[in-house]
Amino acid sequence: MSTDHRPPGQPTSLQDSAFLRACRREPVPHTPVWFMRQAGRSLPEYRKVREGIGMLDSCMRPDLVTEITLQPVRRHGVDAAIYFSDIVVPLKAIGVDLDIKPGVGPVVEKPIRTRADLEQLRPLEPGDVGYVTEAVRLLTRELGDTPLIGFAGAPFTLASYLVEGGPSRNHEHTKALMYGDPELWAALLDRLAGITATFLSVQIEAGASAVQLFDSWAGALTPADYRHSVLPASAKVFDAVAHHGVPRIHFGVGTGELLGAMGEAGPEVVGADWRVPMDEAARRIGPGKAVQGNLDPAVLFAPREAVETQARRVLDAARGLEGHIFNLGHGVLPDTDPEALTRLVSYVHEQTAH
Ligand code: CP3
Numbered sequence: 001m002s003t004d005h006r007p008p009g010q011p012t013s014l015q016d017s018a019f020l021r022a023c024r025r026e027p028v029p030h031t032p033v034w035f036m037r038q039a040g041r042s043l044p045e046y047r048k049v050r051e052g053i054g055m056l057d058s059c060m061r062p063d064l065v066t067e068i069t070l071q072p073v074r075r076h077g078v079d080a081a082i083y084f085s086d087i088v089v090p091l092k093a094i095g096v097d098l099d100i101k102p103g104v105g106p107v108v109e110k111p112i113r114t115r116a117d118l119e120q121l122r123p124l125e126p127g128d129v130g131y132v133t134e135a136v137r138l139l140t141r142e143l144g145d146t147p148l149i150g151f152a153g154a155p156f157t158l159a160s161y162l163v164e165g166g167p168s169r170n171h172e173h174t175k176a177l178m179y180g181d182p183e184l185w186a187a188l189l190d191r192l193a194g195i196t197a198t199f200l201s202v203q204i205e206a207g208a209s210a211v212q213l214f215d216s217w218a219g220a221l222t223p224a225d226y227r228h229s230v231l232p233a234s235a236k237v238f239d240a241v242a243h244h245g246v247p248r249i250h251f252g253v254g255t256g257e258l259l260g261a262m263g264e265a266g267p268e269v270v271g272a273d274w275r276v277p278m279d280e281a282a283r284r285i286g287p288g289k290a291v292q293g294n295l296d297p298a299v300l301f302a303p304r305e306a307v308e309t310q311a312r313r314v315l316d317a318a319r320g321l322e323g324h325i326f327n328l329g330h331g332v333l334p335d336t337d338p339e340a341l342t343r344l345v346s347y348v349h350e351q352t353a354h
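Sequential numbering of the sequence shown, starting at 1, is according to our numbering.
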């Protein structure tokens with residue numbers, strides 16, 4: 001385990017960025033801000049470059065990935081870029097028959113429900129995602145001192161798409177497998193942990209300055225089931241990339257009851273959605289970790305003054321915490337006015353500058 005989260009070989013000015021300082025719980029010139037799903041449908045320039053190109057095809061084109069990742073950095077002045085991709089890209093790369101359907105999300109042709117179905121999941125080799133290595137290299141050159149966040153889907157959230165065959169409200173097939181065949185469940189999550197760890201390592205080795213593990217749907221679980229059936233696989237992912245020395249972020253939605261366990265999985269930073277105030281989230285996560293969050297993304301549809309009042313509440317709750325990264329409690333909603341995002345970045349910077 002590395003304790004010094006300053007990997008050699010990256011310039012000091014990048015390592016001294018507000019975002020990376022906050023991840024390490026060091027004093028910051030201002031509270032850093034980035035938004036989950038900052039690259040995407042809320043931006044007209046995104047819709048323009050994506051015209052006629054499928055989501056997964058666009059993820060395999062380093063020129064497009066670079067342009068789309070840079071768009072929100074140019075427009076909003078956020079403190080970090082998030083690599084443009086999707087959580088199902090590594091699954092596609094090992095040959096799982098899936099697609100991302102507009103307005104729906106990932107759809108898997110042959111859901112995984114039996115031991116024989118596991119054969120669909122071979123290990124990921126770095127060569128399977130050469131376009132990721134190329135895009136991250138291009139991007140880090142363009143970004144200069146702005147950190148690039150790499151990401152992957154956590155084993156549970158990936159398993160939900162694979163077992164259900166698509167997006168699910170209740171995760172019933174996933175839970176049926178988890179409770180009904182714990183051995184197969186553990187084997188599935190273990191394979192996914194290996195794939196996810198490799199996907200994150202590829203991004204870090206190509207130059208990503210931090211990584212986020214999205215366990216978007218973990219909030220559907222009880223704390224006991226999360227600890228027993230999911231945490232070991234997510235901890236395996238964090239362990240596998242620890243030696244790189246870059247900050248690791250763990251995020252899920254509706255995870256108020258899981259924040260402590262998500263911290264135990266090993267990350268330096270834990271993200272929370274808007275349902276738990278930042279100070280209470282930090283208390284539940286426990287000492288020694290930075291926190292990320294947590295303005296309700298729907299607040300951005302309110303008038304400017306109301307957005308600022310609610311952003312102020314987030315900042316007030318986070319005041320005095322060591323290491324706060326301002327973000328939304330979940331991704332930017334597609335119909336969000338991009339101007340509201342730009343104004344929010346300026347507001348947080350102004351209010352916290354010292
Ligand atoms: O800016 C960024 O945050 C980087 C891009 C990013 C995408 N997907 C691009 C995308 C990231 C970080 C993701 C992660 C992702 N994908 C998650 C975890 C984060 C979360 O929101 O909880 C999940 C659960 C997925 C699965 C997925 N892919 C969904 C639910 C959808 C939306 C379906 C829809 O159309 O409503 C996708 C498709 C997707 N991924 C889009 C984008 C920009 C939209 C496709 C398009 O623009 O045509």
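For every residue, glycine included, the Cβ atom is placed at its ideal position computed from N, Cα and C.
| Check | Outcome |
| --- | --- |
| CA nearest to the CA of Val332, picked from Val33, Ala281, Ser17 and Arg37 | Arg37 |
| Anticipated Cβ contact below 8 angstroms, Ile100 with Phe84, distance rounded | Between Phe84 and Ile100 the Cβ distance is about 13 angstroms, and since that is not below 8 angstroms, they are no contact. |
| Spatial distance of Leu70 from Thr309 (CA atoms) | 29 angstroms |
| Inter-residue Cα distance where the pair is Leu118 and Glu26 | 44 angstroms |
| Proximity to Leu162 [Cα-Cα], best of Gly144, Gly105 and Thr12 | Gly105 |
| Integer-rounded CB distance, given that Tyr46 should sit under 8 angstroms from Gly40 | 6 angstroms |
| beta-carbon His330 near the ligand CP3 non-hydrogen atom, thresh 7 angstroms | yes |
| According to DSSP, residues forming a beta bridge with Lys101 | Gly105 |
| heavy atom of the ligand CP3 below 7 angstroms from Met36 C-beta | yes |
| Nearest-angstrom Cα separation, counted from Ile195 out to Thr174 | 19 angstroms |
| Contact test: Phe156 Cβ vs the ligand CP3 heavy atom, cutoff 7 angstroms | no |
| Any non-hydrogen atom of the ligand CP3 within 7 angstroms of Met60 CB | no |
| Through-space distance from Ala152 to Trp217, alpha-carbon basis | 14 angstroms |
| The segment 126-143 touching the segment 170-185, judged by at least three CB pairs closer than 8 angstroms | no |
| Gly153, DSSP secondary structure in three states | strand |
| Three-state secondary structure (DSSP) of Gly293 | strand |
| Pro111 beta carbon near the ligand CP3 (any heavy atom closer than 7 angstroms) | no |
| Closest by C-alpha distance to Ile87, when choosing among Glu280, Leu328, Thr146 and Ala193 | Ala193 |
| Residues that Gln212 bridges to, as DSSP identifies them | Phe151 and Ile249 |
| Expected contact under 8 angstroms - CB spacing of Val413 and Val96 to nearest Å | Any property of residue 413 remains undetermined from this structure, which presents the chain solely from 1 to 354. |
| Separation of Arg74 from Ala240, as counted between CA atoms | 33 angstroms |
| Rounded C-alpha distance that separates Val270 from Arg115 | 33 angstroms |
| Three-way DSSP call (helix, strand, coil) for His228 in this model | helix |
| Beta-carbon proximity check, Ala208 vs Leu143, cutoff 8 angstroms | no |
| Close beta carbons around Pro94, own chain, < 6 angstroms, minus the five adjacent residues each side | It should be noted that the sequence gives Ile, not Pro, for residue 94. Same-chain partners within the cutoff: Arg122 and Leu124. |
| Sequence-distant residues of its chain with Cβ nearer than 6 angstroms to Phe156 (five each side left out) | Asp215, Ala218 and Val230 |
| Test item: CB-CB of Arg20 and Pro147 under 8 angstroms | Note on residue identity: the sequence assigns Leu, not Arg, to residue 20. Going by C-beta atoms, Leu20 is nearer than 8 angstroms to Pro147. |
| Nonlocal neighbours in the same chain, by C-beta distance under 6 angstroms from Val28, ignoring five residues either side | Ala18, Arg21 and Ala22 |
| Test item: CB-CB of Gly286 and Asp273 under 8 angstroms | no |
| Cutoff 8 angstroms: His228 Cβ touching any chain D Cβ | The structure shown contains no chain D; it is built from a single protein chain. |
| Neighbour-count burial assignment, Gly355, 16 or more Cβ in a 10 Å radius | Nothing about residue 355 can be reported from this structure: the residues present for the chain run from 1 to 354 only. |
| Candidates Ala353, Ala302 and Arg113: closest to Ala186 by CA position | Arg113 |
| Buried/exposed call for Glu172, threshold 16 Cβ in 10 Å | exposed |
| DSSP three-state assignment for Leu124, whether helix, strand or coil | coil |
| Same chain, Cβ closer than 6 angstroms to Arg284, five either side skipped, listed in chain order | Leu259 and Gly260 |
| Other residues of its chain near Gly329: CB distance less than 8 angstroms, five sequence neighbours each side excluded | Val253, Ala272, Asp273, Trp274, Arg275, Gly293, Asn294, Leu295, Asp296 and Pro297 |
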